[in-house]
Amino acid sequence: MDKVLFEKWRKYIPDLGEALRRMEEKNIIAVGVAPYPRIIPSVFLDHYLIYSVKDAADIDDLKKYAKILCLEEKNPKLANKVQATGYLLNNYAFQGFLKAQRYPFRLMFYQTTKKIVETLERLQLPWIGNRPESFENVVLKGDFRDLVKKLSLPSIPDWRLSRDEFLGKSFQELWDHWGRTPVVQRADFDVAGEMGTFFLKTEADWQLCHEMLSKDTRYTTVTISPFITGNSLSMLGCITRQGVLSSTLQLQLIDVPESLHGQPATGVFLGHDWGFQDWPESVERTAQDVVETVGRHLATQGFKGIFGIDFIYDTTTKEIFPIECNPRFTGALPIYSLMVIANEVPPMEFFHILTHLNLDIPFDFESVNRGLKKRRPVAHISLTPKGAYQMKFSLPAGIYSYDPVTMDIQFQRPGAFLSDFKKDNEFMLIDSLPRIGGRIIQNVPRLCKLIFPRTIAHSSFEIDKEVGRLITALSTALRKNQVRPDSEEAVSGGSEEA
């Protein structure tokens, strides 16, 4: 760990040296599809390895910051078969990798399933993560709404209908229930990203929703809420031995048209803006109370470490309502933690690992909690992959500049942390960027992300026009000369350099 940063963190954790020594008694191997969301522990742990499934252009630069092993680099055929972590754990190649480890290790997972835990226990593998039974009553939207009411927290009205009842309703019947736009979600089946939330503003919205939910037989109940004019917000929590830490309340970017690039607006999460704030301090305190209350409840069930809660903020009444709980590392990480580290405060990942290892290392809880709420003008937003099937040109990961008139972009330097920015008008392109000639997967919510050292949002659904034009220019370039892979013209292989 960097000596200067070590001394900064000791103000919060006097026995930091002992904490790090205990954490590193075994190597921590973070397992997941992509490395960038798992980069933060490399800041404070020497014995830390990221085992990533998919190859990407940014891995070459990220290896300067962290130890990364990429399955697709060594065994592309196997990597293409890996659709879930459970499959990876049962594979002979991954098991061979673990047997070859000379240093004792622990595997770290951001979210587990019963099958994953069963495999870990059968193979007698040490691991860091939460057991599914510790979060099973919050992971589904309907269950979380019920818990919110049970805990006497602010709750948004909802209307539950069976699948058949819902599909039998007309658009007008749904609209008339509250006299405003209904918002529809599956109540008993978790669908992340696109097609998880439907805003029925028009008959056409209803037709799309009806078509999608008619084809889906995985759910039995829907929850319907009235549309609230306001912003989507979220807050992170971290359950520790000393209490529930919480982040600042952060603006979520949802259904931003430039980023969607023509795909339907169905509540697609795209990023955050930490510099944006249009709510009073009382709303921030209410959100913190919700996070702490839910965190204490999860702790009674054995849950430890990081989780997140999504809110809707009514800009008219100044009320805030919790609507969803994510019992895992969320899309706010690691950008939020990069901001925290830039503020010289230990990130939540540190306390997550500390707590999961049951280390009784005291820290200044109140000072840490205050430090976690320091804002910086930082934002990130994703590009979506729809319509881009193959990477046609070389796009290195790192820091870029752009011409605000022509929107020509120029690569400036490698980078992965906020300290790599030199000017406010730069941006970073990173997180699973495909290599030239690489196949672009369609059934995922994002292709890669842009990070800005400034505020870019006007609301959850609207960004600065200049940034919007930049995103549109990038998206358009990525989709140029594309051919659907199922057409006769589809080919594999690389293309010309850009």
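Note that the sequence shown covers residues 652 to 1149 in my numbering. Cβ atoms here follow ideal geometry from the backbone N, Cα and C, with glycine treated the same way.
Could you say if the segment 979 to 998 and the segment 867 to 875 meet the contact criterion of at least three C-beta pairs nearer than 8 Å?
No, the segment 979 to 998 is not in contact with the segment 867 to 875.
Would you say the segment 916 to 924 touches the segment 894 to 907, given that touching needs at least three Cβ pairs under 8 Å?
Yes: at least three Cβ pairs fall under 8 Å.
With residue 682 as the anchor, note down where its beta strand (DSSP E) starts and where it stops.
Translated into the one-based positions of the sequence shown, residue 682 becomes position 31. Unbroken beta strand (DSSP E) run through residue 682: 678 to 683.
Considering only DSSP beta bridges, list what residue 970 is partnered with.
For this step, residue 970 is matched to residue 319 along the sequence shown. Residue 970 is bridged to 965.
Consult DSSP for residue 616 and reduce its assignment to one of helix, strand or coil.
One cannot answer for residue 616 here, as it falls past the ends of the chain, which runs 652 to 1149.
Going by C-alpha to C-alpha distance, which of 1010, 999, 1019, 1110 sits closest to residue 958?
Taking the first residue of the sequence shown as 1, we reach residue 958 at position 307. Of the candidates 1010, 999, 1019, 1110, the one whose C-alpha sits nearest the C-alpha of residue 958 is 999.
Exposed or buried, what is residue 1085 when buried is set at 16 or more other beta-carbons lying within 10 Å of its beta-carbon?
Here the question's residue 1085 lines up with position 434 in the sequence shown. Buried, since its Cβ has 16 or more Cβ neighbours within 10 Å.
With distance defined between alpha-carbon atoms, name the residue in 1036, 1070, 695 nearest to residue 1129.
As a working note, residue 1129 is residue 478 in the sequence shown. Cα-wise, what sits closest to residue 1129 is 1036.
Beta-carbon separation of residue 655 and residue 758 under 7 Å?
Residue mapping note: residue 655 aligns to position 4 of the sequence shown, counting from 1. Residue mapping note: residue 758 aligns to position 107 of the sequence shown, counting from 1. No, the pair does not count as a contact, with Cβ atoms beyond the cut-off.
Please work out which residues of its chain come closer than 6 Å, Cβ to Cβ, to residue 1022, disregarding the five sequence neighbours upstream and downstream, and give them in chain order.
As a working note, residue 1022 is residue 371 in the sequence shown. Closer than 6 Å at Cβ, skipping near neighbours: 996.
Looking only at its chain, what residues have a beta carbon closer than 6 Å to the beta carbon of residue 756, apart from the 5 residues adjacent to it on each side?
As a position in the sequence shown, residue 756 is number 105, starting the count at 1. 677, 678, 680, listed in sequence order.
Given 8 Å as the limit, is there contact between the segment 959 to 976 and the segment 806 to 813, that is, 3 or more CB pairs closer than that?
As far as the Cβ criterion goes, the segment 959 to 976 touches the segment 806 to 813, which means the pair count is three or higher.
If contact is defined by three or more beta carbon pairs under 8 Å, each pair taking one atom from either stretch, is the segment 704 to 720 in contact with the segment 1064 to 1084?
Yes: the two stretches touch, three or more of their Cβ pairs being nearer than 8 Å.
Measure the beta-carbon distance from residue 826 to residue 877 and round it to whole angstroms, keeping in mind my assumption that it falls under 8 Å.
Your numbering for residue 826 matches position 175 in the sequence shown. Your numbering for residue 877 matches position 226 in the sequence shown. About 10 Å; that fails the 8 Å criterion.
When burial is assigned at 16 or more other CB atoms within 10 Å of the CB, is residue 629 buried or exposed?
Examination of residue 629 is not possible in this model, given that the chain is present from 652 through 1149 alone.
Less than 7 Å between the beta carbons of residue 1055 and residue 1117, yes or no?
The residue labelled residue 1055 in the question sits at position 404 within the sequence shown. The residue labelled residue 1117 in the question sits at position 466 within the sequence shown. In this structure, residue 1117 lies closer than 7 Å to residue 1055 by Cβ.
Under the assumption that residue 895 contacts residue 943 (Cβ atoms under 8 Å), give the Cβ distance between them as a whole number of angstroms.
By one-based count along the sequence shown, residue 895 stands at place 244. By one-based count along the sequence shown, residue 943 stands at place 292. Indeed, because the Cβ distance is near 5 Å, the residues count as touching under 8 Å.
Determine the contact status of residue 917 and residue 849, defining contact as a CB-CB distance below 7 Å.
Translated into positions along the sequence shown, residue 917 becomes position 266. Translated into positions along the sequence shown, residue 849 becomes position 198. Yes, the pair counts as a contact, with Cβ atoms nearer than the cut-off.
Once you ignore the five residues that flank residue 939 on each side, which residues in its own chain have a CB closer than 6 Å to its CB?
Along the sequence shown, read from residue 1 onward, the residue named residue 939 stands at position 288. Around residue 939: 897.
Residue 911 and residue 839 - do their beta-carbons sit closer together than 7 Å?
Counted from its first residue, the sequence shown places residue 839 at position 188. Counted from its first residue, the sequence shown places residue 911 at position 260. No, Cβ-Cβ distance for residue 839 and residue 911 is not below 7 Å.
So what does DSSP say about residue 863, is it helix, strand or coil?
Locating residue 863 in the sequence shown gives position 212, where the first residue counts as 1. DSSP places residue 863 in helix when its eight states are reduced to three.
Kindly indicate the opening and closing residues of the alpha helix (DSSP H) around residue 1031.
The residue labelled residue 1031 in the question sits at position 380 within the sequence shown. Careful: residue 1031 lies outside any alpha helix (DSSP H), inside the beta strand (DSSP E) at 1030 to 1034.
Kindly indicate the opening and closing residues of the beta strand (DSSP E) around residue 834.
Here the question's residue 834 lines up with position 183 in the sequence shown. Unbroken beta strand (DSSP E) run through residue 834: 833 to 837.
DSSP state of residue 731, grouped into three classes?
As a working note, residue 731 is residue 80 in the sequence shown. Note: residue 731 maps to helix in three-state DSSP.
Would the segment 1023 to 1033 count as touching the segment 1103 to 1122 if we require 3 or more Cβ pairs under 8 Å?
Touching, yes.
Does DSSP classify residue 879 as helix, strand or coil?
Residue numbering aside, residue 879 sits at position 228 when the sequence shown is read from its first letter. The answer is coil: DSSP assigns residue 879 none of H, G, I, E or B.
Is the beta carbon of residue 903 less than 7 Å from the beta carbon of residue 885?
Translated into the one-based positions of the sequence shown, residue 903 becomes position 252. Translated into the one-based positions of the sequence shown, residue 885 becomes position 234. Yes.
Nearest CA to the CA of residue 1010: which residue from 671, 765, 652, 657?
Counting from one through the sequence shown, the residue named residue 1010 turns up at place 359. Per the Cα distances, 671.
Looking at C-alpha atoms only, which residue of 820, 932, 983 is the closest neighbour of residue 888?
Start at 1 with the first residue of the sequence shown, and residue 888 comes out as number 237. Taking only the C-alpha atoms, the option nearest residue 888 is 983.
Looking only at DSSP bridge pairs, what is residue 1100 linked to?
Stepping through the sequence shown from its first residue, residue 1100 is reached at position 449. DSSP, once it has assigned bridges, lists 1033, 1081 as partnering residue 1100.
Kindly give me the distance between the Cβ atoms of residue 1101 and residue 1078, rounded to whole angstroms, as I take these residues to be in contact under 8 Å.
Reading the sequence shown from its first residue, position 450 is the one you call residue 1101. Reading the sequence shown from its first residue, position 427 is the one you call residue 1078. Yes, they are in contact, since the Cβ atoms of residue 1101 and residue 1078 sit about 5 Å apart, within 8 Å.
Whose C-beta lies closer than 6 Å to the C-beta of residue 1026 among residues of the same chain, with five residues either side of it excluded?
Here the question's residue 1026 lines up with position 375 in the sequence shown. Here the set comprises 899, 925.
By DSSP, does residue 939 sit in helix, in strand, or in coil?
Translated into positions along the sequence shown, residue 939 becomes position 288. Three-state result, residue 939: helix.
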